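Undergrad: For any residue, its number in the working numbering is found by taking its place in the sequence shown, counting from 1, and adding 758. C-beta: ideal position from N, C-alpha, C; glycine also. None of these values were measured; they are calculated from a predicted model. The structure follows.
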Amino acid sequence: MYKIPGGRQEGQYHYDDIKPIPFSTVHMDHLGNEHILVLVDAFTKFTILLYGYEPRDVLENTLTSVIQNQDQGMMTDAELEKLRADAANIINDHRAVAKMRYDAAHSKPTV
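Okay, structure coming up:
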């Protein structure tokens, strides 16, 4: 009469407190051994796909360059904040344009 559901237990939903700042939290995953590395910004859902690289090589090269402190491409905190602000401005501009289009399409005609 009373069946206990079998199989794997359902996982708990966890919600990260995502700050409304672009590139504040970035998620990373890979598909296959040497196919795709995916980076996703948690706030804007901006996605970067790297094809044809082994994720292991990408991570090892970055880690090695950080450890050896030879990576000139690393951003300072000020540069990262500027990048975040620029991305936020671009997103807000696109939202404003989309809102203007929506308002123009759905405005009531004047008689």
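(1) Beta-carbon within less than 7 Å of H785's beta-carbon, same chain only, minus the 5 sequence neighbours each way: which residues are those?
(2) In its own chain, which residues sit with a C-beta less than 6 Å from the C-beta of F781, not counting the 5 before and 5 after it?
(3) Identify whether P809 lies in helix, strand or coil by the three-state DSSP scheme.
(4) For D799, name the three-state secondary structure that DSSP assigns.
(5) In angstroms, rounded to a whole number, what distance separates the CA positions of A863 and E768?
(6) Rounded to whole angstroms, what's the CA-CA distance from H852 to I776? Just pull it up for me.
TA: Taking the coordinates as given:
(1) V798 and A800
(2) D799 and R842
(3) One point to set straight first is that residue 809 is Tyr, not Pro, in the sequence displayed. Reduced to three states, the DSSP call for Y809 is strand.
(4) strand
(5) 44 Å
(6) 21 Å
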